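J.:
Numbering (our numbering), first residue to last: 67 to 563.
1) For residue 110 and residue 285, I'd like the C-alpha separation in whole angstroms.
2) Measure the beta-carbon distance from residue 431 to residue 198 and round it to whole angstroms, keeping in mind my assumption that it falls under 8 angstroms.
3) What's the gap between the Cα of residue 116 and the Cα of residue 543?
4) What first and last residue would you give for the alpha helix (DSSP H) that runs through residue 366?
5) On the premise that residue 119 lies in contact with residue 351, defined as a C-beta separation below 8 angstroms, what is that separation, rounded to the nearest angstrom?
6) So is residue 96 buried or exposed if we call it buried at 16+ other beta carbons inside 10 Å?
7) For residue 219, which of 277, 392, 472 and 146 has the nearest alpha-carbon?
8) Could you give the distance in angstroms between the alpha-carbon of residue 281 and the alpha-carbon of residue 454?
9) From the DSSP output, which residues share a beta bridge with residue 501?
10) Any contact between the segment 245 to 260 and the segment 420 to 427? By contact I mean 3 or more CB pairs, one from each, below 8 angstroms.
11) Going by other Cβ atoms of all chains shown within 10 Å of its Cβ, with 16 needed for buried, is residue 462 buried or exposed?
12) Which residue from 396, 131 and 225 puts its Cα closest to that of residue 169?
13) What number of angstroms, rounded off, separates the C-alpha of residue 519 from the C-alpha of residue 547?
14) Going by beta carbon distance, what residues of the same chain come within less than 6 angstroms of residue 514, once the five residues before and after it are set aside?
15) Of all the options 228, 486, 507 and 493, which has the alpha carbon lying nearest to the alpha carbon of residue 526?
16) Residues in its own chain within less than 6 angstroms of residue 326 by CB, not counting five upstream and five downstream?
17) What does a CB cutoff of less than 7 angstroms around residue 288 pick up in its chain, not counting 5 residues either side in sequence?
18) Under 8 angstroms: do the segment 326 to 344 and the segment 232 to 240 share three or more Cβ pairs, one atom per stretch?
19) Report all residues from its chain with a CB closer than 7 angstroms to the CB of residue 517; omit the five preceding and five following residues, and keep chain order.
20) May I have the straight-line CA-CA distance separating residue 262 from residue 167, to the nearest angstrom?
21) Would you tell me roughly how many angstroms separate the C-alpha atoms of residue 242 and residue 347, rounded to the nearest one?
22) From residue 77 to residue 298, what does the alpha carbon distance come to, in whole angstroms?
23) Does the beta-carbon distance from residue 533 to residue 478 come in below 7 angstroms?
24) Please report the distance separating the alpha-carbon of residue 494 from that of residue 521.
25) I'd like to know whether the C-beta atoms of residue 490 and residue 464 end up nearer to each other than 7 angstroms.
26) In angstroms with no decimal places, state the Cα-to-Cα distance between residue 408 and residue 157.
27) Whose C-alpha, out of 420, 385 and 386, is nearest the C-alpha of residue 400?
28) Rounded to a whole number of angstroms, what is the C-alpha to C-alpha distance between residue 105 and residue 334?
29) For residue 476, I'd like the list of residues in its chain whose CB is within less than 7 angstroms of its CB, leaving aside the five on either flank, ordered along the chain.
30) Less than 7 angstroms between the C-beta atoms of residue 224 and residue 107, yes or no?
31) Is residue 422 helix, strand or coil when you go by DSSP?
32) Assign residue 509 to buried or exposed, taking buried as 16 or more other Cβ atoms, counted over all protein chains shown, within 10 Å of its Cβ.
33) Kindly indicate which residue of 328, 373 and 332 has the alpha-carbon position closest to the one of residue 227.
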């Protein structure tokens, strides 16, 4: 069975329970981006490590148990349980697909900068064909393998990623004889910035714009995971709220150790490879870890360097494929389960949700490839930060209001989604990410009006404000019976099976 083969209120087969634990490790896809940012910007690059770790505490405290108890399949299922279904499903489905596409673009960009290094070619054509090849493989893999294949590739990815990261960290520490102070000083010396490389402010310590960008990025990273559709849809795969809590607590410990190792790898890359070499290979720093592996193994042309580089590349490829498969499944499920079911004409014969989901996977894959070709020179972790900002702006407000606000209405739900989604996307399009700087998607033009690179500082409060405003101006009377049912279910799990 490909996807959506069970009713929304039923729990999926036990195989999904294994997948749930693996899915908590999805933020590890940023190994390349985070280490690259640390190698280029030192202390400021560690913001991503801290933000991606802290965000799981928000998931644990506010989302995990309640969503698991609801026994729903998608974000729209949770919200529509006490609202008018059609407008809520259209809004939540649109937001979920948008966030998923942004997330996929980050993976396509990482694939273009990393996998193109395998044959030793750094040409633009090689990176472009790599993005197309990975995207095509993603669509075929998801369409033919479905949930079972996605589960196994996530398991393989987790083992390879943890093993490879531990091995590289040990080799870096051995290179400096376990002296972390010496590694940091060497990294600072080779960076060309001296002690400023080890202090806050190198990337976000300039004018007021940089400082607000720092706050905006931090807010998006901390709140983003709780609104990601492919994370929310998997809390229903565990049997109890206690299991959902454990499925977050365990990864918090594992992810914490993982991000400590990414810090070592980032500063190790700066000390061993050098920021100039990292930037010369890829301006966004996405190839810092592969270049570090090549150097630790003995350098270019050596057997050890080639083997270690191949191991890292294989690990990264498995990571990309696993993350892409999971996101594509979640987004195609939202298209079939929420958008298609709500938008199709009532007089037309309904198609199987499985067929619609497969078609949606193809369309989403093509769109992700096209956008990935444009964004392949941007840092992976930075692109993920944008996806987190949109998720926190559009999905998190409606989810929290639905779970905790007794008087929340359908208009409030729709306004909360669009009130966060539209400003977030508009601010991104009008930001320096798209135009106005040499590192923009379109460096030759300048139509940016919003000074910040991450919209979270503005769009996240707007999402919450729009949800509140839509509710207080609505003439709709909240259904007390539906709210009571949803509240009891979210707190106890009664009736969710």
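Note that beta-carbon positions come from the ideal geometry of N, C-alpha and C, so glycine has one too.
Computed from a predicted structure; not experimentally measured.
T.: Looking at the coordinates:
1) Each residue's Cα considered, the two are about 15 angstroms apart.
2) Not a contact, Cβ separation roughly 10 angstroms.
3) Cα-Cα distance, rounded: 42 angstroms.
4) Residue 366 -> no alpha helix (DSSP H), and no H or E assigned at all.
5) Residue 119 and residue 351 do not touch by the CB rule: their CB atoms are close to 20 angstroms apart, not below 8 angstroms.
6) Any answer about residue 96 is weak, because its pLDDT of 48 lies below 50 and its placement is not dependable; what the coordinates show is given next. Burial of residue 96 is indicated by the presence of at least 16 other C-beta atoms within 10 angstroms of its C-beta.
7) Distance from the Cα of residue 219 is smallest, within the candidate group 277, 392, 472 and 146, for 392.
8) Straight-line Cα distance between these residues: approximately 14 angstroms.
9) Looking at the DSSP output, residue 501 bridges to 508.
10) By the Cβ test, the segment 245 to 260 is not in contact with the segment 420 to 427, since fewer than three Cβ pairs between them sit closer than 8 angstroms.
11) With 16 or more Cβ atoms within 10 Å of its Cβ, residue 462 is classed as buried.
12) Of the candidates 396, 131 and 225, the one whose C-alpha sits nearest the C-alpha of residue 169 is 396.
13) Taking the CA atoms as reference points, residue 519 sits about 44 angstroms from residue 547.
14) The beta carbon of residue 514 lies closer than 6 angstroms to those of 496, 497, 498, 501 and 502 in the same chain, with the five residues before and after it left out.
15) Measuring from the Cα of residue 526, the nearest candidate turns out to be 486.
16) Cβ contact annotation for residue 326 (same chain, cutoff 6 angstroms, sequence separation greater than five): none.
17) Answer for residue 288: 117, 120, 121 and 124, listed in chain order.
18) Taking a contact to require three or more Cβ pairs closer than 8 angstroms, the segment 326 to 344 and the segment 232 to 240 qualify as touching.
19) For residue 517, where only same-chain residues beyond five positions count, the Cβ hits under 7 angstroms are 275.
20) Their Cα atoms are separated by approximately 36 angstroms.
21) C-alpha separation (whole angstroms): 24 angstroms.
22) For residue 77, the pLDDT reaches just 38, beneath the cut-off of 50, and the residue's location in the model is therefore unreliable, leaving the point undetermined.
23) Judged by their CB atoms, residue 533 and residue 478 are nearer to each other than the 7 angstroms cut-off.
24) The alpha-carbon atoms of residue 494 and residue 521 are separated by roughly 6 angstroms.
25) No, Cβ-Cβ distance for residue 490 and residue 464 is not below 7 angstroms.
26) Between the alpha carbons of residue 408 and residue 157 lies a distance of about 10 angstroms.
27) Of 420, 385 and 386, the residue nearest in Cα terms is 420.
28) Cα-Cα distance, rounded: 8 angstroms.
29) 149, 150, 153, 154 and 542.
30) Contact flag unset, no.
31) Note: residue 422 maps to helix in three-state DSSP.
32) Per the 10 Å Cβ criterion, exposed.
33) The candidate whose alpha carbon is nearest that of residue 227 is 328.
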